[in-house]
């Protein structure tokens, strides 16, 4: 029996190595497909090893294959359907939800182990064997950590998903702000501590679960749309940490390794997102934007002239370079295909078209890249902020589709304001700027956008897809 | 039936903690610079890998359903297994779908 365990552990080590190669591969465009395949192969191997080990070590009752098959079949079918059915525009919601499921699964494994072993632990506490006390401590700390982190990840992700799909009512949420978060966190830690003293206590188990679930809601509910890329990558990181904690519960190195890898990778992505917004992580988590920026919208009401699509289309006539700047509005109105058709039309007329992608445009890291790829926009026409900003002064038209804060010059002109110091796309330097937007309302940061009122700007008010379709037919008539 | 509770020696714990800490450092080194195109696939791929908890869920679901407490444990285990499987299957497939889309474009 020992030999089987050792062989299995070696197999898990191979799986962990495959995960490492997988994550490394996913970090570079040329190796990404291979990386994903290696990760999947590692997972298949890990499952295979576990199943074989379960069969080899089965007691007189044998393995509960019925239960195992039920869980695998149900989860596999749902996962398959979700992955096949999802539209690229629904990707942020799906990623958020999968993060949540990962967190919940880790919590549940810890919970199942606790429920199964608690009665025997109560008996063993009276007459401890050698090495039992240390196992007990690690096991219970692991259960506490995986419950706290996993349940927080689940409810936080579900709230994030509802926010992304517009189904969350912003009036919902817990009163008390940051104090409530502190109380809930303290409550969860105390409950975990009490469970440590009495593992069989249902009361403290329920208290731990409930406080952790509420903590996730309390954290994500006040966070607004534009901070979502940060939140989603952080929840991604947490789902890894929860798996790692579960690794200590069940004593499996594969979980510890892969969980910490994912935790670290998620944190790196979180850092990239925070940097792109010039917002420290603690501000995203503890300071809602609106509160700080409430005053800036209340100045004098300015009005901007709205233009018709055919007026705007004229500016494309004879243009050498057009830069498209997509934002969340493009995702909402699903305008990515029309954007590409306009670009095709312009290119046929000899105009060069580039796309300027702000790192936090949209609601998840890389959101715009996914949408434009779906619309068959060639990969090499997408430019990062640092690579495109110098080109705006040479471009004839900047076409802004549903972006606001990421092009707001206030980031330069008002260094102490809410957007101060955030790296932006220098759209203001373009000869003409066409902005497709529903209204003049300020962006997420609550700062009025001076760009809308400039003489070089043409506002096209309305739904992104509708306005761009009008623009497309006007461009065709040029 | 009384299960024999596991034991843990300090040596094994220290080895596990070493693996834990070194993996965190490794994770930070592995992907220091990621192009924005890969932000979403990296996140969904990493998420699928965090579904490794499926290994724990398999063991947790394999509990004989007899008596109150163990049937509760088995139920929780099966639920954990289903969620972890959704995470794994959904995560890898959707990552593959996105990457295929990027690949098509490169030509």
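Protein chains in written order, with the numbering used here: chain A, 101 to 578; chain B, 109 to 215.
Even for Gly, the Cβ is constructed at its ideal location relative to N, Cα and C.
Every value quoted in this text rests on a predicted model; they were computed, and no experiment measured them.
If contacts are defined as beta-carbon pairs under 8 Å, then residue i and residue j qualify, I think. What distance do you get, rounded to the angstrom?
i	j	result
residue 510 of chain A	residue 480 of chain A	In fact, because the Cβ distance is near 32 Å, the residues do not count as touching under 8 Å.
residue 565 of chain A	residue 435 of chain A	4 Å
residue 154 of chain B	residue 123 of chain A	6 Å
residue 194 of chain B	residue 171 of chain A	Wrong, their Cβ atoms sit about 10 Å apart, outside the cutoff.
residue 439 of chain A	residue 459 of chain A	19 Å between Cβ atoms; not a contact.
residue 264 of chain A	residue 200 of chain A	Their Cβ separation, rounded to whole angstroms, is 12 Å, which puts residue 264 of chain A and residue 200 of chain A out of contact at 8 Å.
residue 150 of chain B	residue 127 of chain A	6 Å
residue 465 of chain A	residue 299 of chain A	Rounded, the Cβ-Cβ distance is 40 Å, inconsistent with contact.
residue 453 of chain A	residue 492 of chain A	14 Å between Cβ atoms; not a contact.
residue 489 of chain A	residue 127 of chain B	Not confirmed; about 43 Å, so no contact.
residue 558 of chain A	residue 412 of chain A	5 Å
residue 315 of chain A	residue 291 of chain A	No, residue 315 of chain A and residue 291 of chain A are not in contact; Cβ-Cβ is about 11 Å, not under 8 Å.
Could you check whether the Cβ of residue i sits closer than 9 Å to any Cβ belonging to chain B?
i	result
residue 621 of chain A	Shown here, chain A extends from 101 to 578; a query on residue 621 of chain A therefore has no answer.
residue 208 of chain A	yes
residue 447 of chain A	no
residue 354 of chain A	yes
residue 81 of chain A	Outside the shown range of chain A (101 to 578) lies residue 81 of chain A, about which nothing can therefore be said.
residue 139 of chain A	yes
residue 150 of chain A	yes
residue 399 of chain A	Because the pLDDT at residue 399 of chain A is just 46, under 50, the model does not fix this residue reliably, and the value given afterwards should be weighed accordingly. No, residue 399 of chain A lies away from the interface with chain B (no Cβ there is under 9 Å from its Cβ).
residue 129 of chain A	yes
residue 184 of chain A	yes
residue 465 of chain A	yes
residue 103 of chain A	no
residue 395 of chain A	Because the pLDDT of residue 395 of chain A is 39, which lies under 50, any placement of that residue in the model is unreliable, and the number read from its coordinates should be weighed accordingly. By this cut-off, residue 395 of chain A is not an interface position.
residue 428 of chain A	no
residue 301 of chain A	no
residue 330 of chain A	no
residue 216 of chain A	yes
residue 124 of chain A	yes
residue 194 of chain A	yes
residue 278 of chain A	no
residue 136 of chain A	yes
residue 296 of chain A	no
residue 489 of chain A	no
residue 584 of chain A	Outside the modelled stretch of chain A, which goes from 101 to 578, sits residue 584 of chain A, for which no answer is possible.
residue 168 of chain A	yes
residue 256 of chain A	no
residue 261 of chain A	no
residue 369 of chain A	yes
residue 205 of chain A	yes
residue 522 of chain A	no
residue 391 of chain A	For residue 391 of chain A, the pLDDT reaches just 43, beneath the cut-off of 50, and the residue's location in the model is therefore unreliable, leaving the point undetermined.
Taking C-beta to C-beta, are residue i and residue j nearer than 9 Å?
i	j	result
residue 234 of chain A	residue 152 of chain B	no
residue 318 of chain A	residue 284 of chain A	yes
residue 105 of chain A	residue 155 of chain A	no
residue 206 of chain A	residue 161 of chain B	yes
residue 196 of chain B	residue 156 of chain B	yes
residue 118 of chain A	residue 142 of chain A	yes
residue 350 of chain A	residue 167 of chain B	yes
residue 116 of chain A	residue 358 of chain A	yes
residue 213 of chain A	residue 164 of chain B	yes
residue 191 of chain B	residue 159 of chain A	no
residue 125 of chain B	residue 364 of chain A	no
residue 366 of chain A	residue 537 of chain A	no
residue 484 of chain A	residue 457 of chain A	yes
List, in chain order, every chain A residue whose beta-carbon is nearer than 9 Å to that of residue i.
i	result
residue 122 of chain B	Chain A residues near residue 122 of chain B: none, gap ~11 Å exceeds 9 Å.
Residues of chain A with a CB under 8 Å from the CB of residue i: which are they?
i	result
residue 117 of chain B	231, 234
residue 126 of chain B	Under the 8 Å cutoff, chain A gives no residues; its nearest Cβ is about 10 Å from residue 126 of chain B.
Using the beta-carbon of each residue, which ones in chain B are nearer than 7 Å to residue i?
i	result
residue 199 of chain A	155
residue 350 of chain A	164, 167
residue 459 of chain A	144
residue 172 of chain A	189, 193
residue 360 of chain A	128, 131, 132, 135
At 8 Å on the CB atoms, spell out the chain B contacts of residue i, in chain order.
i	result
residue 119 of chain A	157, 160
residue 508 of chain A	Those within 8 Å of residue 508 of chain A in chain B number zero; the least Cβ separation is about 20 Å.
residue 494 of chain A	Correct list: empty, because the minimum Cβ distance to chain B is about 23 Å.
Check the Cβ of residue i against every Cβ in chain B and list those closer than 9 Å, keeping chain order.
i	result
residue 484 of chain A	143, 144
Are the segment 487 to 499 of chain A and the segment 530 to 543 of chain A in contact at 8 Å, needing three or more beta carbon pairs? In short, these stretches touch, since the Cβ pair count reaches three.
Stretch-stretch touch, CB-based, cutoff 8 Å, three pairs: the segment 339 to 347 of chain A with the segment 240 to 254 of chain A: Contact between the segment 339 to 347 of chain A and the segment 240 to 254 of chain A is present, because at least three Cβ pairs lie under 8 Å.
Segment contact, 8 Å Cβ cut-off, at least three pairs: the segment 287 to 295 of chain A with the segment 322 to 332 of chain A: Segments in contact, no.
Could you check whether the segment 207 to 227 of chain A touches the segment 185 to 192 of chain A, counting it as contact only if at least three pairs of C-beta atoms, one from each stretch, sit closer than 8 Å? Contact between the segment 207 to 227 of chain A and the segment 185 to 192 of chain A is absent, because fewer than three Cβ pairs lie under 8 Å.
Can at least three beta-carbon pairs, one atom from the segment 371 to 384 of chain A and one from the segment 514 to 524 of chain A, be found at a separation below 8 Å? Verdict: yes, contact present.
For the 8 Å Cβ check, are there 3 or more pairs between the segment 415 to 426 of chain A and the segment 444 to 455 of chain A? Flag = yes, the segment 415 to 426 of chain A and the segment 444 to 455 of chain A touch.
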